[in-house]
Amino acid sequence: MPEKFKRYTLTSALPYANGPIHIGHLAGVYVPADIYARYLRMKGEDVLFIGGSDEHGVPITIKARAEGVSPQVIVDRYHEQIKKSFEDFGISFDVYARTSAPVHHKTASDFFLKLYGENKFIEKTNQQYYDEKEHQFLADRYITGTCPHCGYEKAYGDQCENCGTSLSPLELINPKSALSGNVPVLKETKHWYLPLDQYEEWLEEWIIKGHKNDWKANVYGQVKSWIDHGLKPRAVTRDLNWGVQVPLKDAEGKVLYVWFDAPIGYISAAKEWSEKTGKDWKPYWKDEETKLIHFIGKDNIVFHCIIFPAMLKAEGSFVLPDNVPANEFLNLENDKISTSRNWAVWLHEYLNDFPGKQDVLRYVLTANAPETKDNDFTWKDFQARNNNELLAIFGNFVNRTLVLTQKYFDGVVPAVTELDKEAKTTLEEVKLFPGKIAQSLDRYRFREALSELMNLARLGNKYLTDMEPWRVIKTDEDKVKTILNVSLQIAANLAVLSEPFLPFTATKLQKMLGMEQPTWTDAGNTELIKPGSILNKPELLFDRIEDKEVEAQVQRLLDTKKENELAISSKLAKEEITFDEFMKTDIRTGTILEAKKVPKTKKLLKLKIDTGIDQRTVVSGIAEYYEPEKIIGQKVCILVNLAPRKLRGIESQGMILMAEDADGKLCFVSPTEDVSDGSEVK
RNA sequence: GGCGAGGUAGCUCAGUCGGUUAGAGCGUCGGAUUCAUAACCCGGAGGUCCCGAGUUCAAUUCUCGGUCUCGCUACCA
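For the first sequence, position 445 (counting from the first letter as 1) is numbered 1150 according to my numbering, and the numbering increases by one without interruption.
What follows is the structure in structure tokens.
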């Protein structure tokens, strides 16, 4: 199975430049990718490890508008912050590029042009809202209007924030442009589509048959599911003024869709790297003997396994990914990580709060990596892994060895006097570790690889404890020489093998042992440290993390939680209305007569309501909270003069009033006393 | 609703191409020890392998059904 490759191109998902990096990004993508890159480099492989900021797309333009600045200001801010925090954290990118760079614009538009020239796209024209004053088509988010469901007047074209409904701009009543406030007009617009359906057969062959056994189950399963469902053409352009201009004459105001331009960013990054280093980028993308690997999170599987490969295939001259080891998600203290809710451990804050402890976080995120299922990061676990594993096992072994060597031999490495049975078997065992760790890493099993590394430290601890040099020294100094030599060789092996996982620690340890730039072939060598060489003063590799420190972090999160709750309950009241406006609504008390689940939906119940005036059908999205049988007879409030609307083919005549709490849980608003149906609510 | 992934010791996870007492780390309890950052080393306790049915001489492992978690997707007050 392990074919021989001449070089490796490793890509890591381009972080979106509208927020900082958090531990979820690190655990899912950057830490495993970095371990892999460092491992390959140590083996002497030719590696190009690519990263960069994804700087296009609508969310960035929205954030810019909200802050009253240009999109460039936003992406500059986050690009710099992200880049610096990666550097400080020791992610060893060969290049960290950005998609707003000229080289990327050129690469992406050339890519587009090539496919265009070879008729690899299909053209379609459809109707979209256009702001005549601003002379541009409007992204869904830039259109506001009245929600057809709840009547909220400031619903967006893609979603109503009042009732949570996803919308299409065409559904909005009284649409307005968020740019000018004008009424937008519908206008025809032309776009280009990549006909993914034409690649189905090829994908089937390449992935379903070709990668059945070497791709992770979560990746393979999802890809197969998509292909089995059948693929549809996907628009590669859109009307927007932030992004890579579509390089055609009749395409003013159009840019490449961000999903199309972003992965090309990997290629542009290689070119940027090429310009800086003078090396040719082409072999890294076009030579058959290059192994291309995409490190991503599970949200990106479809793009990297289906869409981007289809693009590359269409273009024709690029290699395809050999593997896409996507990880699942990391939770934080039992709750989903969320940028908007500020529920995250931010990398730049961590680096600030725990200076010099990059490896601790790298260790914890690797040991607890969401490789096969979602995992949870807790500060308590972070502390325990540092104190009970890194420090107690790894750090302690190194420290014992070095302290003993100082104490008994003034820091001069003793020679083996006689290779006794214990020394021999221990050293034999040491030799097995590079192979074990490599085998795990080759299969992208980073957790397993790391635990093997720790087993080497365990072996060292056991050897020391069993041999009791502190006792033997009283009677047999020669034997202690052998014991400490063996222990030092183990420490040296740790200094080599830990490099991919704990680069800062490895460097520190190498210095203490007087080693220089070891390579992977040094691993397993049990004569790495020469007798007679002088060791540098030992210092502690890891510090104990005290309760106070993690409690402070937990407190910060609790504060965040409180702020979030406050933010919801103190959500600003809607725009003021007059009494007359309110009186337009006709709300009545009513009773549920019948309730049935609407088939093939998760949330919808079809209700029959006695409104006092009449009996009518209402479709209501409450199925997640109420079982149909149990709500028959329930008194409710109902908005009876809401325009009817068809949902799932059923006409809904009115709306049931529900109260919704911070978690989205719904409950009926119902009269506390038995009033007759049809009583007015005012 | 459709699809995918997952549900194994207190916690985080391995594993079983079906087969004697289901594994590891951490935690916990006990012992030993003092070179070491109350760390190391040895040992013990701890599991209806989500639930139910089926196939089988035998199922945690295969099949079917159910359930819970996460994701994608549809639908949506």
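Where a beta carbon is used, it is the ideal one built from N, C-alpha and C, also for glycine. Please read these numbers as outputs of a predicted model, since none were measured by experiment.
task = With DSSP as the reference, label residue 944 as helix, strand or coil.
result = strand
ask   = Whole-angstrom Cβ separation of residue 813 and residue 961, contact assumed at under 8 Å?
value = 6 Å
Between the CA atoms of residue 1315 and residue 1338 - distance to the nearest angstrom = 10 Å
task = Tell me, to the nearest whole angstrom, how far the beta carbon of residue 734 is from that of residue 1002; I am working on the premise that it is less than 8 Å.
result = 6 Å
task = Mark residue 653 as exposed unless 16 or more other C-beta atoms lie within 10 angstroms of its C-beta, in which case mark it buried.
result = Past the edges of the chain, shown from 706 to 1387, lies residue 653, and the structure says nothing about it.
Residue 833, enclosing beta strand (DSSP E) - first and last residue = 827-836
inquiry  = Using a Cβ-Cβ cutoff of less than 8 Å, which residues in the same chain neighbour residue 1309 once the five nearest sequence positions on both sides are dropped?
reply    = 1302, 1303, 1324, 1325, 1326, 1328, 1352 and 1353
ask   = Which residue or residues does DSSP assign as beta-bridge partners of residue 894?
value = 831
ask   = Can you give the Cα-Cα distance for residue 1126 and residue 731, rounded to whole angstroms?
value = 44 Å
ask   = Could you give the distance in angstroms between the alpha-carbon of residue 1043 and the alpha-carbon of residue 897?
value = 34 Å
ask   = In chain order, what residues of the same chain have a beta carbon less than 8 Å from the beta carbon of residue 1186, not counting five sequence neighbours either side?
value = 1114, 1119, 1120, 1121 and 1122
query = From residue 720 to residue 764, what distance separates their C-alpha atoms?
reply = 13 Å
message = Can you tell me whether residue 888 is helix, strand or coil according to DSSP?
response = coil
request  = Would you mind working out which of 878, 1098 and 1243 sits nearest residue 1155, comparing C-alpha positions?
outcome  = 1098
task = Could you give the DSSP three-state label for residue 1295: helix, strand or coil?
result = strand
query = Since residue 900 contacts residue 836 with CB under 8 Å, what's their CB separation in whole angstroms?
reply = The Cβ separation is near 31 Å, so there is no contact.
inquiry  = For residue 963 and residue 762, which I take to be in contact (beta-carbon distance under 8 Å), what is that distance rounded to the nearest angstrom?
reply    = 4 Å
query = Is DSSP giving residue 764 helix, strand or coil here?
reply = helix
message = For the alpha helix (DSSP H) containing residue 1286, name the first residue and the last one.
response = 1284-1288
ask   = Along the chain, which unbroken stretches of the beta strand (DSSP E) at least 3 residues long are found entirely within the region 1020-1083?
value = 1026-1028, 1035-1037 and 1080-1082
ask   = Measuring CA to CA, which of 1212, 895, 929 and 1317 is closest to residue 1063?
value = 1212
message = With H, G and I counted as helix, E and B as strand and the rest as coil, what does DSSP make of residue 1363?
response = strand
ask   = Straight-line CA distance for residue 937 to residue 1029?
value = 22 Å
ask   = The alpha helix (DSSP H) spanning residue 1207 covers which residue range?
value = Segment: none, residue 1207 is in no alpha helix (DSSP H) and carries neither H nor E.
ask   = Sorted by chain position, which residues of the same chain lie with C-beta nearer than 6 Å to residue 965's C-beta, five sequence neighbours on each side aside?
value = 941
ask   = Quick one: is residue 799 buried, meaning 16 or more other Cβ sit within 10 Å of its Cβ, or exposed?
value = buried
inquiry  = Run through the DSSP bridge pairs and tell me what residue 842 is partnered with.
reply    = 835
request  = In the DSSP assignment, find the beta strand (DSSP E) that holds residue 1355 and state where it starts and stops.
outcome  = 1355-1357
request  = Quick one: using the 10 Å Cβ neighbour count with 16 as the cut-off for buried, is residue 1259 buried or exposed?
outcome  = exposed
key: residue 1078, buried or exposed, once every other Cβ within 10 Å from all chains shown has been counted against 16   = exposed
key: Supposed contact pair residue 1290 and residue 1346 - C-beta distance, whole angstroms, cut 8 Å   = 7 Å
ask   = Smallest Cα separation from residue 968: which of 998, 824, 1086 and 954?
value = 998
ask   = For the candidate residues 722, 736, 1360 and 724, whose alpha-carbon lies nearest to that of residue 1149?
value = 736
message = Let me confirm a value: residue 1107 is counted as buried when at least 16 other C-beta atoms fall within 10 Å, else exposed. Which label applies?
response = buried
inquiry  = Determine whether the beta carbon atoms of residue 1202 and residue 1239 lie at a separation below 7 Å.
reply    = no
task = Put residue 1374 into one of helix, strand or coil per three-state DSSP.
result = coil
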